[in-house]
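First comes the structure, then the notes that go with it.
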Amino acid sequence: MTDAPDPLDPDALAPLSWAGVDDVVIVGGGLAGLFTALKLAPRPVTIVTAAPLGDGASSAWAQGGIAAAVGLGDSAESHAADTVAAGAGIVDEAVARLMTSEAPARIADLLAYGVPFDRDLEGKLQLSREAAHSERRIVRVNGDLAGRAIMGALVAAVRRTPSIRVLEGLAAEELVTEGRFVVGVVARPVGGAKPVRIIGRAVVLASGGVGHLYAVTTNPVEARGAGLAMAAEAGATLADLEFVQFHPTAIAVGRDPAPLATEALRGEGAVLVDHAGRRIMEGVHPDLDLAPRDIVARAVFEAVRNGGAFLDARHKVGERFPSRFPTVYAACMAASVDPVTQPIPVAPAAHYHMGGVLVDANGRSSLDGLWVCGETASTGAHGANRLASNSLLEAVVFGARIAEDILGLLPAPPAAPRVAPSRAAPAATPADGAAVAELRRTMADHVGVVRNAVGLGRAVETFARIRRAANDADTRNMATTALLIAVAAERRRESRGGHFRSDAPDAVPALARRSLLTLDDALGRAEAPLAQAAS
Numbered sequence: 111m112t113d114a115p116d117p118l119d120p121d122a123l124a125p126l127s128w129a130g131v132d133d134v135v136i137v138g139g140g141l142a143g144l145f146t147a148l149k150l151a152p153r154p155v156t157i158v159t160a161a162p163l164g165d166g167a168s169s170a171w172a173q174g175g176i177a178a179a180v181g182l183g184d185s186a187e188s189h190a191a192d193t194v195a196a197g198a199g200i201v202d203e204a205v206a207r208l209m210t211s212e213a214p215a216r217i218a219d220l221l222a223y224g225v226p227f228d229r230d231l232e233g234k235l236q237l238s239r240e241a242a243h244s245e246r247r248i249v250r251v252n253g254d255l256a257g258r259a260i261m262g263a264l265v266a267a268v269r270r271t272p273s274i275r276v277l278e279g280l281a282a283e284e285l286v287t288e289g290r291f292v293v294g295v296v297a298r299p300v301g302g303a304k305p306v307r308i309i310g311r312a313v314v315l316a317s318g319g320v321g322h323l324y325a326v327t328t329n330p331v332e333a334r335g336a337g338l339a340m341a342a343e344a345g346a347t348l349a350d351l352e353f354v355q356f357h358p359t360a361i362a363v364g365r366d367p368a369p370l371a372t373e374a375l376r377g378e379g380a381v382l383v384d385h386a387g388r389r390i391m392e393g394v395h396p397d398l399d400l401a402p403r404d405i406v407a408r409a410v411f412e413a414v415r416n417g418g419a420f421l422d423a424r425h426k427v428g429e430r431f432p433s434r435f436p437t438v439y440a441a442c443m444a445a446s447v448d449p450v451t452q453p454i455p456v457a458p459a460a461h462y463h464m465g466g467v468l469v470d471a472n473g474r475s476s477l478d479g480l481w482v483c484g485e486t487a488s489t490g491a492h493g494a495n496r497l498a499s500n501s502l503l504e505a506v507v508f509g510a511r512i513a514e515d516i517l518g519l520l521p522a523p524p525a526a527p528r529v530a531p532s533r534a535a536p537a538a539t540p541a542d543g544a545a546v547a548e549l550r551r552t553m554a555d556h557v558g559v560v561r562n563a564v565g566l567g568r569a570v571e572t573f574a575r576i577r578r579a580a581n582d583a584d585t586r587n588m589a590t591t592a593l594l595i596a597v598a599a600e601r602r603r604e605s606r607g608g609h610f611r612s613d614a615p616d617a618v619p620a621l622a623r624r625s626l627l628t629l630d631d632a633l634g635r636a637e638a639p640l641a642q643a644a645s
């Protein structure tokens with residue numbers, strides 16, 4: 111009797127395509143990675159993901175929906191204008207126009223993959239409005255279930271696509287390079303000590319954001335900046351790292367990650383109040399509770415410091431809450447808060463990273479052979495402050511563009527059946543040790559909603575120390591990404607969008623431009639205090 115092959119045996123992970131190395135390797139099982147893989151079919155693709163496919167992806171947790179100008183009277187030009195306005199002066203307008211113009215086609219793709227978007231009685235897509243949008247253009251699924259429904263449909267599509275191999279339970283740690291050419295990834299099986307090399311004809315990083323670097327976040331534990339650190343270690347140029355979006359209405363009930371009270375609640379008339387019942391946004395911004403997220407987040411942050419902040423949906427949503435917003439309702443009830451009769455305690459939480467690996471309009475990074483999409487990338491579409499529901503849109507638009515670019519560059523492999531298309535392993539459960547706990551608290555305290563030079567300097571020193579002392583790739587990658595964000599925030603001596611400095615509270619017109627950074631730049635800054643101390 112022959113024993114079955116060990117799914118975590120490095121020899122079992124050799125490429126399964128025609129002859130030699132030909133797979134496109136995609137790191138990440140969220141929306142960007144899955145959509146790219148589907149668009150590459152029937153070209154052989156290997157998806158590397160630490161968590162089971164679809165789990166551990168921020169996309170699955172998205173409640174709001176996906177923005178697209180598909181309604182009567184709306185236009186891609188109007189959508190682009192709203193995107194540019196929200197981005198506080200540094201959006202790449204050409205990229206914004208490209209993204210919004212391709213949005214309807216990507217909605218059609220998602221429908222073809224089986225996403226059950228809400229429709230009205232006439233069968234037309236049902237659209238909602240969110241903050242800073244001039245039109246109703248948010249395509250939803252059952253109120254607040256868009257992310258889960260989109261991911262469910264794409265996971266099913268990937269599972270039935272024979273050209274896609276899924277390697278679950280493998281946490282990518284490092285890029286394999288030859289000079290400045292990326293040729294694969296090093297990944298470690300969950301619970302295993304021996305890393306494996308997965309080599310491919312092209313590599314796509316779609317490993318998610320950085321939310322879990324913060325002590326309070328709406329992101330899953332897997333969103334801890336590994337892809338950004340891997341690209342930085344390989345020499346990639348990074349952009350706009352200082353711009354972190356804090357969602358103003360995470361449900362403050364002590365859970366990690368924090369459940370999210372979707373912005374759509376405020377779109378339906380729910381209001382933010384302080385501990386005394388006074389409206390928090392009164393006199394802060396003319397759009398009140400639907401002001402841009404950075405403004406609302408700072409106002410809620412201040413209210414929390416002074417006694418508490420709450421989202422009151424009793425009058426505008428009331429008895430409709432369980433059916434209209436089932437995800438939020440379940441999260442509240444699990445914490446013994448009935449949103450039908452009680453205000454919901456809220457606080458700002460790290461939610462989305464506008465920065466990432468610098469890419470062009472086709473998702474190409476500064477390293478040959480490496481494409482990046484989703485939250486790991488910085489396309490220039492979001493600027494300093496992402497417009498609501500543009501994140502899922504960016505993921506599918508640039509996932510499709512990357513697939514088209516790769517298909518146009520690489521020769522088609524000879525057709526051949528694939529054998530054993532998947533390898534499964536347990537989900538990643540990273541240890542939250544003392545160093546990681548210190549890192550997350552430092553990010554929240556000094557690189558959070560409100561920042562200043564003194565705190566940022568302390569953060570840089572802390573992250574450099576943790577990085578030097580790290581004896582595992584996960585902690586080192588987290589510290590590397592945290593260091594990069596802190597240095598970028600220290601460099602931008604102004605306030606703009608998601609980056610607010612109490613010691614430089616105004617925007618500086620001369621700084622209305624994107625920022626670029628490399629790991630060498632950040633390490634040079636981190637080593638400066640050590641050099642001064644030694645001299």
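For what it's worth, this note's numbering labels the leading residue of the sequence shown as 111, then goes sequentially.
Glycine is no exception: its CB is placed at the ideal position from the N, C-alpha and C atoms.
- Excluding the 5 residues flanking it on each side, Ala413 has same chain C-beta neighbours closer than 6 angstroms at Asp384, Ile390, Ala419, in chain order.
- According to the DSSP secondary-structure assignment, His357 is paired through a beta bridge with Ala459.
- For His322, same chain residues with a beta-carbon under 6 angstroms away, outside a window of 5 residues either side, are Asn329, Val331, Ala333, Arg334 in chain order.
- The alpha carbon of Ala505 has as its nearest neighbour, out of Tyr462, Ser476, Gly518, the alpha carbon of Tyr462.
- Where Pro299 is concerned, the enclosing beta strand (DSSP E) starts and stops at 291–299.
- By DSSP's assignment, Ser238 forms a beta bridge with Ile248.
- The straight-line gap separating the alpha-carbon atoms of Met443 and Val381 is approximately 19 angstroms.
- Taking the Cβ atoms as the reference, Val292 lies roughly 5 angstroms from Val313, within the contact range of under 8 angstroms.
- Restricting attention to alpha helix (DSSP H) runs no shorter than 4 residues, the stretch 123–203 encloses them at 141–150, 168–171, 186–196, ordered along the chain.
- In the pairwise beta carbon analysis, the stretch 237–245 is classified as touching the stretch 487–501: at least three pairs are separated by under 8 angstroms.
- The residues Ala316, Cys483, Gly484, Ala505, Gly509, in chain order, have a CB closer than 6 angstroms to that of Ala142 in the same chain once the five nearest residues on each side in sequence are set aside.
- Less than 9 angstroms divides the Cβ of Leu468 from the Cβ of Ala346.
- Burial state of Arg623 is exposed, judged by a 10 Å Cβ sphere holding fewer than 16 other Cβ atoms.
- The beta strand (DSSP E) runs lying completely inside the stretch 549–587 and spanning 3 residues or more number zero.
- If the five residues before and after Gly224 are omitted, its C-beta is found closer than 8 angstroms to the C-beta atoms of Ala263, Ala266, Ala267, all from its own chain and listed in chain order.
- Distances from the CA of Ile576 to each of Arg430, Ala191, Met553, Ser433 were compared; the closest alpha carbon is that of Met553.
- Ala580 is the residue among Val560, Val564, Ala580, Val559 whose C-alpha sits nearest the C-alpha of Glu548.
- In this structure, the straight-line span from the alpha carbon of Val450 to that of Pro436 is close to 12 angstroms.
- Here DSSP, grouped into helix, strand and coil, assigns Ile454 to strand.
- The shortest C-alpha to C-alpha distance from Arg207 to any of Leu517, Val135, Gly490, Leu566 is the one to Gly490.
- When DSSP states are grouped into helix, strand and coil, Ala491 belongs to the coil group.
- For Asp422, the CB contacts under 7 angstroms within the same chain, skipping 5 residues up- and downstream, are Ala380, Val381, Val383, Pro453 in chain order.
- In this structure, Gly543 lies near Thr585, with their beta-carbon atoms less than 9 angstroms apart.
- Beta-bridge pairing by DSSP links Asp384 to Ala419.
- Under the three-state reduction of DSSP, His425 is assigned to coil, being neither helix nor strand.
- The Cβ neighbour count for Glu284, taken over all protein chains shown within 10 Å, is at least 16; the residue is labelled buried.
- Looking at the DSSP output, Val314 bridges to Ile136, Trp481.
- When the five nearest sequence neighbours on each side are left out, the beta carbons in the same chain lying within less than 7 angstroms of the beta carbon of Gly174 are those of Glu240, Ile248, Ala256, Thr372, Glu373, Ala374, Ala498, Ser499, in order along the chain.
- In the DSSP assignment, Val276 falls within the unbroken beta strand (DSSP E) covering 274–278.
- For the set Val559, Pro619, Asp582, Asn587, the Cα lying nearest the Cα of Ala599 is the one of Val559.
- Inter-residue distance for Phe431 and Gly465 is about 34 angstroms (C-alpha atoms, whole angstroms).
- Here the alpha carbons of Met588 and Val326 stand approximately 16 angstroms from one another.
- In summary, Leu566 is buried, with 16 or more beta-carbon neighbours lying within 10 Å of its beta-carbon over all protein chains present.
- Of the candidates Ser188, Glu392, Pro154, the residue whose Cα lies closest to the Cα of Glu203 is Ser188.
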